[in-house]
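Residues 31 to 270 (the numbering used here) make up the sequence shown, in order.
All C-beta atoms, glycine included, are put in the ideal place defined by N, C-alpha and C.
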Amino acid sequence: MILQHSIPYDTSHEPRLPGIQPMSMADWLIIDDAFSGQMARRSDLLTNQRHAVLAMQPAALPAAQELLDLVLATLDPRYIRSANTIRRPDGISVAIDANDPLHTLGHLVQEDLCILEKQGDEHVLTAAVLCFPASWMLAEKFGRALLGIHIPVPSYDANIGARVQRLFDGIQPDRPLWRWNGLRYADPELHQPRSESDRRARPTNPRFFRSERQSLVRLPKTRAVVFSIHTYVVSLGEAD
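Here it is as structure tokens:
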């Protein structure tokens with residue numbers, strides 16, 4: 031069981047959509063008390079279920095490489111870099127592979143990372159490393175625009191979708207944004223894929239609170255938007 035002891039923001043009131051707040055780039059990538067456990071789970075998933083947790087359109091490679099460069103430039107000083115490897119804070123060394131940037135990123139940081147690129151009037155999910163989905167599947171959302179990605183979220187209608195698209199259009203480099211969500215779960219497992227046709231039932235005996243700290247970062251060269259997800263799972267008593 032991989033749990034944090036606490037969530038570092040107030041979850042007592044559910045935010046309205048889109049619920050966006052400004053964020054410093056220094057606060058983008060987080061190392062918390064579940065780092066070692068989450069990174070071990072990510073390594074297992076990337077090794078044994080890569081097809082389920084990583085996807086990239088060939089044309090998205092430049093954006094993925096730019097994202098890798100940005101993450102390497104932003105990493106906490108507890109990461110130690112040598113010529114072609116990085117030693118994580120838990121002592122594990124990760125090879126840097128610019129030809130497989132999302133795989134490298136999946137082994138480096140706790141955040142799941144989704145790349146959305148502008149195609150026509152909408153941003154489309156063109157690449158992602160998503161080890162910890164909360165009741166959705168990368169295979170179903172991959173290649174979709176924002177409104178399609180959020181099916182079947184009841185509150186995410188065309189009006190909200192248009193507002194979020196305008197938000198994506200307005201994101202500026204070095205001026206990232208963040209929001210959070212939260213739901214109660216009976217199972218603390220981090221990897222919880224679920225098809226759109228298999229709606230999640232309300233748990234009868236929830237023991238855990240799962241919250242995602244979601245960030246939006248603009249890549250300055252490719253102009254892609256990075257949607258990152260840092261997942262917290264705590265016992266319900268810790269979230270109250």
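For the segment 120-163, the continuous alpha helix (DSSP H) assignments of 4+ residues that do not extend past its boundaries occur at 131-138, in sequence order.
When the five nearest sequence neighbours on each side are left out, the beta carbons in the same chain lying within less than 6 Å of the beta carbon of Gln244 are those of Arg209 and Ile259, in order along the chain.
In the three-state reduction of the DSSP assignment, Ser241 falls in the strand class, which pools E and B. Inclusion of Leu76 and His35 in the CB contact set at 8 Å is not warranted, their separation being larger than that value.
Looking at Thr115, His133 and Asp130, the one whose alpha-carbon comes closest to that of Ser123 is Thr115.
A buried status is given to Thr156, since no fewer than 16 other beta-carbon atoms sit within 10 Å of its beta-carbon. In this structure, the beta-carbon distance from Phe257 to Leu146 falls below 8 Å. Residue environment analysis places Glu96 among the buried positions, since at least 16 neighbouring C-beta atoms fall within 10 angstroms of its C-beta. Residue burial annotation: Gln202 is exposed, with fewer than 16 other C-beta atoms found within 10 angstroms of its C-beta.
DSSP places Thr261 in the strand class (E or B) of the three-state scheme.
For the options Leu246, Gln195, Cys161 and Glu44, the alpha carbon positioned closest to that of Ala175 is the one of Gln195. By the C-beta criterion, the segment 235-252 is judged to be in contact with the segment 211-224, since at least 3 inter-stretch pairs fall below 8 Å. Residues of the same chain with their beta carbon placed closer than 6 Å to that of Ala169 are lacking, with the five preceding and five following residues left out of the count. In the three-state scheme derived from DSSP, where H, G and I count as helix and E and B as strand, Ala85 is classed as strand. Rounded to whole angstroms, the gap between the alpha carbons of Ser165 and Ile50 is 22 Å. Counting along the chain, Thr252 sits inside no alpha helix (DSSP H), nor does DSSP assign it H or E at all.
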